[in-house]
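Just below is one structure, and these are the notes that go with it.
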Amino acid sequence: MTDAVPIEEPVPPVPEAVAEVEAAPPEAAVPASAEVPAAALFEIEHPIGPVRQGVLDLLVDSEGPQTVAQIIAGLGNYSRGTIESAIKREFDAGRIERVAPGTYRLAPPRPAEPPKPAPPSEPEQVRSDGHTAEAWLAALDAYFTAPSSWPVEKLGPPPGARDNVILVDIRLRFNERVRKREQRRKEAEAALARQAAADAELRNQLLAACNGNYSASLQVDDLAPVREALKVLPLDRVVMVVRQKVDRRCYPANPPLASWRDPIFLRALAEEFCRAFAIPGLVKEWGAAGKPPAAKAQSSPPAGEMPDDNIDRSHHDSEHAPPGPHSLPGAAPPAPDMPREAVERVPATEENAPAASPAQPAVPSNSNAGINPTTADIAPTRESVLAAFARNRVPPQPVAPLPVPQPRSPQRQAEPEPISDEGWEELIAGFMAGMVNWNVRRLGPEPGQPGCRVPRNILRSFGL
Numbered sequence: 024m025t026d027a028v029p030i031e032e033p034v035p036p037v038p039e040a041v042a043e044v045e046a047a048p049p050e051a052a053v054p055a056s057a058e059v060p061a062a063a064l065f066e067i068e069h070p071i072g073p074v075r076q077g078v079l080d081l082l083v084d085s086e087g088p089q090t091v092a093q094i095i096a097g098l099g100n101y102s103r104g105t106i107e108s109a110i111k112r113e114f115d116a117g118r119i120e121r122v123a124p125g126t127y128r129l130a131p132p133r134p135a136e137p138p139k140p141a142p143p144s145e146p147e148q149v150r151s152d153g154h155t156a157e158a159w160l161a162a163l164d165a166y167f168t169a170p171s172s173w174p175v176e177k178l179g180p181p182p183g184a185r186d187n188v189i190l191v192d193i194r195l196r197f198n199e200r201v202r203k204r205e206q207r208r209k210e211a212e213a214a215l216a217r218q219a220a221a222d223a224e225l226r227n228q229l230l231a232a233c234n235g236n237y238s239a240s241l242q243v244d245d246l247a248p249v250r251e252a253l254k255v256l257p258l259d260r261v262v263m264v265v266r267q268k269v270d271r272r273c274y275p276a277n278p279p280l281a282s283w284r285d286p287i288f289l290r291a292l293a294e295e296f297c298r299a300f301a302i303p304g305l306v307k308e309w310g311a312a313g314k315p316p317a318a319k320a321q322s323s324p325p326a327g328e329m330p331d332d333n334i335d336r337s338h339h340d341s342e343h344a345p346p347g348p349h350s351l352p353g354a355a356p357p358a359p360d361m362p363r364e365a366v367e368r369v370p371a372t373e374e375n376a377p378a379a380s381p382a383q384p385a386v387p388s389n390s391n392a393g394i395n396p397t398t399a400d401i402a403p404t405r406e407s408v409l410a411a412f413a414r415n416r417v418p419p420q421p422v423a424p425l426p427v428p429q430p431r432s433p434q435r436q437a438e439p440e441p442i443s444d445e446g447w448e449e450l451i452a453g454f455m456a457g458m459v460n461w462n463v464r465r466l467g468p469e470p471g472q473p474g475c476r477v478p479r480n481i482l483r484s485f486g487l
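Just so you know, we're using the numbering used here here: the sequence shown kicks off at 24 and counts up by one.
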């Protein structure tokens, strides 16, 4: 017992002694009384992404191996690079195998590996005083909870005695344990304070939406149902449901809300979730059933060869003339054994230059045989040619004028449909809550204004 260090007072926390503490097993972040769940004892594989899961599902549903192109066409909603990366990752993980270049299938199941035996725990070494370190620490924990539990005959005088025999390393380890417990306690208190502040802010928003139509117990009622609903619904939609079902400005017959666990209130939240998210999602999914996946827009192919009818229009008589085989005046026709394109590419030289055609005499405009042969030759003009065409043209038929539309009489205009009492109540409730804009053209003046068309019994029920 020569290494014992007597201490005169209870062991206080010593922050500066942390650097001197020897290596000790790490303390758990949870209290000692907490139990480890059974699911944490097994090794769980990290979940894969949706693209990799889609590749596996496609190979499971298909018959036989699939090429990379077939996998890309089957998924359809992702880029080629993303799908190829997912295939590579699954191949590296061993869940698919390559049967041919660019062709994959599911890998055969591997035999389950036997669990590795846990290494045997080494028994804690007994110290020179005949006790283990855990026995000392457990005794110190019990002493500071109940001082009368200290075993004097086994461990000597208690920590408060002058002649106690508590070792230095045991004292340092116990001080470190106390410090960590205090730190966890402060973190738990800070988390509770943050949660209480968030609950107070949320409660104020919900109570403001109730507009005073709630019981006093609602100010201290548990907000766990609302926090659970906020996991799937935005806060603004929850506030809107509270206004619709509690605020009397929206509906005068709304009963006061007594608890956040009210089945009618929770049902309204569930209906709002279905109306805002579940139903549109199902409609979109069912509407897309049976349709092929949308293919990605392909880039335009490169321009090919120009068609054969691409003729130089500079040689035409008119730039608006249709394409076709036009021959230049004085040009010789191509040879039978040579295509026309080859003839056009042959440069004109003195050897192959076409011979000049002999001059033709001018044809008189009135040189037909037997018609005034003694009249002198007169050159045709543009006016004479147009007059000759006009004589042979069929005269256009007169077009009847279009009838002028007559204005509709005001008696034929459709009258607005009558509005029921329930419709008037919903319109006035929404108008008073600021959620509906009053349509003066269709509904007449606003409630409370001269000439209002709302029935008097409806106005009287709303205090107007």
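All C-beta atoms, glycine included, are put in the ideal place defined by N, C-alpha and C.
Can the beta-carbon of Tyr274 be found closer than 7 Å to that of Ala109? Cβ atoms of Tyr274 and Ala109: not closer than 7 Å.
Residue span of the alpha helix (DSSP H) that contains Ala211, given as start and end: Counting along the chain, the unbroken alpha helix (DSSP H) around Ala211 starts and ends at 191–233.
So, with DSSP's three-state summary, where would you put Thr168? Correct three-state label for Thr168: helix.
DSSP bridge partner residues for Arg298 (one or two, in chain order): Looking at the DSSP assignment, Arg298 forms no beta bridge with any residue, so it has no partner.
By DSSP, does Ile106 sit in helix, in strand, or in coil? Secondary structure of Ile106 (DSSP, three-state): helix.
In chain order, what residues of the same chain have a beta carbon less than 6 Å from the beta carbon of Asn476, not counting five sequence neighbours either side? The question names Asn, but residue 476 in the sequence shown is Arg. Once the five neighbours on either side are set aside, the close Cβ partners of Arg476 are Gly467.
Within 8 Å, do at least three Cβ pairs link the stretch 188–206 to the stretch 217–230? No, the stretch 217–230 is not in contact with the stretch 188–206.
Compare the beta carbon distance of Glu295 and Val264 with 7 Å and say whether it is the shorter of the two. At the C-beta level, Glu295 and Val264 come within 7 Å of one another.
Three-state class that DSSP yields for Arg284 in the structure shown: DSSP places Arg284 in coil when its eight states are reduced to three.
Contact check, Ala130 vs Ile119, beta carbons under 7 Å: Cβ atoms of Ala130 and Ile119: closer than 7 Å.
Backbone CA spacing between Val261 and Cys297 [nearest angstrom]: Rounded to whole angstroms, Val261 and Cys297 show a C-alpha spacing of 13 Å.
Status (buried if at least 16 other CB within 10 Å, exposed otherwise) for Arg223: Looking at the sequence itself, residue 223 is Ala, so the reference to Arg does not match. With fewer than 16 Cβ atoms within 10 Å of its Cβ, Ala223 is classed as exposed.
Under three-state DSSP, which class holds Ala452? Residue state, collapsed to three classes: helix.
Going by CA-CA distance only, name the one from Glu251, Leu305, Glu210, Gln206 that's closest to Leu225. Selected option, being the one with the closest Cα: Glu251.
Boundaries (first-last residue) of the alpha helix (DSSP H) holding Val188: Boundaries cannot be given for Val188, as no alpha helix (DSSP H) includes it and DSSP labels it neither H nor E.
Bridge partner(s) assigned by DSSP for Gln89: For Gln89, which the question treats as bridged, DSSP gives the partners Tyr127.
Could you check what DSSP says for Glu308 in three-state terms: helix, strand or coil? In the structure shown, the three-state DSSP call for Glu308 is helix.
DSSP three-state label for Arg112, please. DSSP places Arg112 in helix when its eight states are reduced to three.
With distance defined between alpha-carbon atoms, name the residue in Leu292, Asn236, Glu448, Pro279 nearest to Val255. Here the closest residue by C-alpha is Leu292.
Going by the DSSP bridge assignment, what does Arg121 pair with across the sheet? DSSP output for Arg121 lists Tyr127 as bridge partner(s).
Ile71 to Arg103, Cα distance in whole Å? Between Ile71 and Arg103, the C-alpha separation is close to 18 Å.
Once the 5 residues before and after Val459 are set aside, which same chain residues still bring their CB inside 7 Å of it? Excluding positions up to five away in sequence, the list reads Leu450, Gly453.
Could you pull the start and end residues of the alpha helix (DSSP H) that Leu482 belongs to? 479–484 is the extent of the alpha helix (DSSP H) around Leu482.
Rounding to the nearest angstrom, what Cα-Cα distance links Pro279 and Ile287 in this structure? Straight-line Cα distance between these residues: approximately 12 Å.
Strictly by DSSP, which residues pair up with Tyr237? Under DSSP, the beta-bridge partners assigned to Tyr237 are Leu280.
Using beta-carbon positions only, say whether Leu487 and Pro470 come within less than 7 Å of one another. Their beta carbons are under 7 Å apart, which means Leu487 touches Pro470 by this criterion.
Quick one: measure Cβ to Cβ for Val74 and Ile106, integer angstroms, because I've assumed they're closer than 8 Å. With a Cβ gap of about 6 Å, Val74 and Ile106 count as contacting.
Compute the minimum distance between the beta carbon of Leu241 and the heavy atoms of the ligand MN, and state whether it is under 6 Å. Of the ligands one can find in the structure shown there are none, so the ligand MN has no counterpart to examine.
Quick one: is Phe197 buried, meaning 16 or more other Cβ sit within 10 Å of its Cβ, or exposed? Counting C-beta atoms within 10 angstroms of its own C-beta, Phe197 has 16 or more neighbours from the protein chains shown and is therefore classed as buried.
Residue range of the alpha helix (DSSP H) that includes Ala76: It is Gln, not Ala, that sits at residue 76 in the sequence shown. From DSSP, the alpha helix (DSSP H) with Gln76 extends over 73–84.
Pull up the CB-CB distance for Gly125 and Val91, whole angstroms please, since I reckon it's below 8 Å. Going by Cβ atoms, the distance from Gly125 to Val91 rounds to 5 Å, so yes, they are a contact pair.
Sort Lys314, Pro421, Val122, Ser407 by Cα distance to Asn100 and report the nearest one. Minimum Cα distance to Asn100 is reached at Lys314.
Roughly how many angstroms separate the alpha carbons of Pro155 and Ser171, rounded to a whole number? Correcting the residue type first, residue 155 is Thr in the shown sequence and not Pro. Distance between the alpha carbons of Thr155 and Ser171 is about 21 Å.
Same chain, Cβ closer than 8 Å to Ile481, neighbours up to 5 away in sequence not counted: The answer, listed in chain order, is Asp444, Trp447, Glu448, Ile451.
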